[in-house]
Amino acid sequence: MPTRLVRIARLDQLAAGRGVAVAVAGEAIALFRIDGQTFAIDDACARCGSSLAGGTLRGATVACAGCGWEYDVRTGAVSGVPALRIDTFEVTVVDSVVMLAVEPEWSPNA
Ligand code: FES
């Protein structure tokens, strides 16, 4: 299904070693920049809802600031809980702008 791109952040907002939370259509998304690549996951920790953007990033793993659950920001996988995975989102960088891929009919007010 073709998608379209919507602007969600500037690349210079993403500092190495930490995440940034952005609100997209009422949903909080955590962005991480790792080795020149940008990753986007659901910002809400699956355990108690803390912001994962505020967590500690080591390599491609973010440790939740709440009670320490760890997530692979590339896949959404939860360390030690194989059956659990949080949402990931397709993003791309165009002219130093982070763009989220959305369905053609997507609306920020949906
Ligand atoms: S809030 Fe994330 S582990 Fe508890």
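For the sequence shown, the working numbering begins at 1254 and goes up steadily by one. Glycine included, each C-beta is placed from N, C-alpha and C at the ideal position.
With a threshold of 16 other CB atoms inside 10 Å of the CB of residue i, please say whether the residue is buried or exposed.
i: Asp1340; result: exposed
i: Ala1336; result: exposed
i: Arg1311; result: exposed
i: Asp1296; result: buried
i: Cys1298; result: buried
i: Gly1279; result: exposed
i: Ala1276; result: exposed
Can you pull the DSSP bridge partners for residue i?
i: Ser1332; result: BP columns for Ser1332 are empty, so no partner.
i: Arg1314; result: The question names Arg, yet the displayed sequence has Thr at residue 1314. Arg1311 and Asp1325.
i: Ser1304; result: Ala1297
i: Thr1341; result: Ile1294
i: Glu1280; result: Val1277
i: Ile1287; result: Gln1290
Verify the contact flag: residue i, CB atom, against every heavy atom of ligand 1, threshold strictly below 7 Å.
i: Ser1360; result: no
i: Arg1338; result: no
i: Ser1303; result: yes
i: Arg1327; result: no
i: Arg1311; result: no
Quick one: Cα of residue i to Cα of residue j, how far?
i: Ile1287; j: Ala1313; result: 7 Å
i: Gly1302; j: Gly1319; result: 8 Å
i: Gly1329; j: Glu1358; result: 25 Å
i: Ser1304; j: Ala1354; result: 22 Å
i: Leu1258; j: Phe1292; result: 15 Å
i: Gln1290; j: Trp1322; result: 23 Å
Residue i by DSSP, collapsed to three states: which one?
i: Ala1269; result: coil
Verify the contact flag: residue i, CB atom, against every heavy atom of ligand 3, threshold strictly below 7 Å.
i: Gly1319; result: Ligands displayed in this structure: ligand 1; ligand 3 is not among them.
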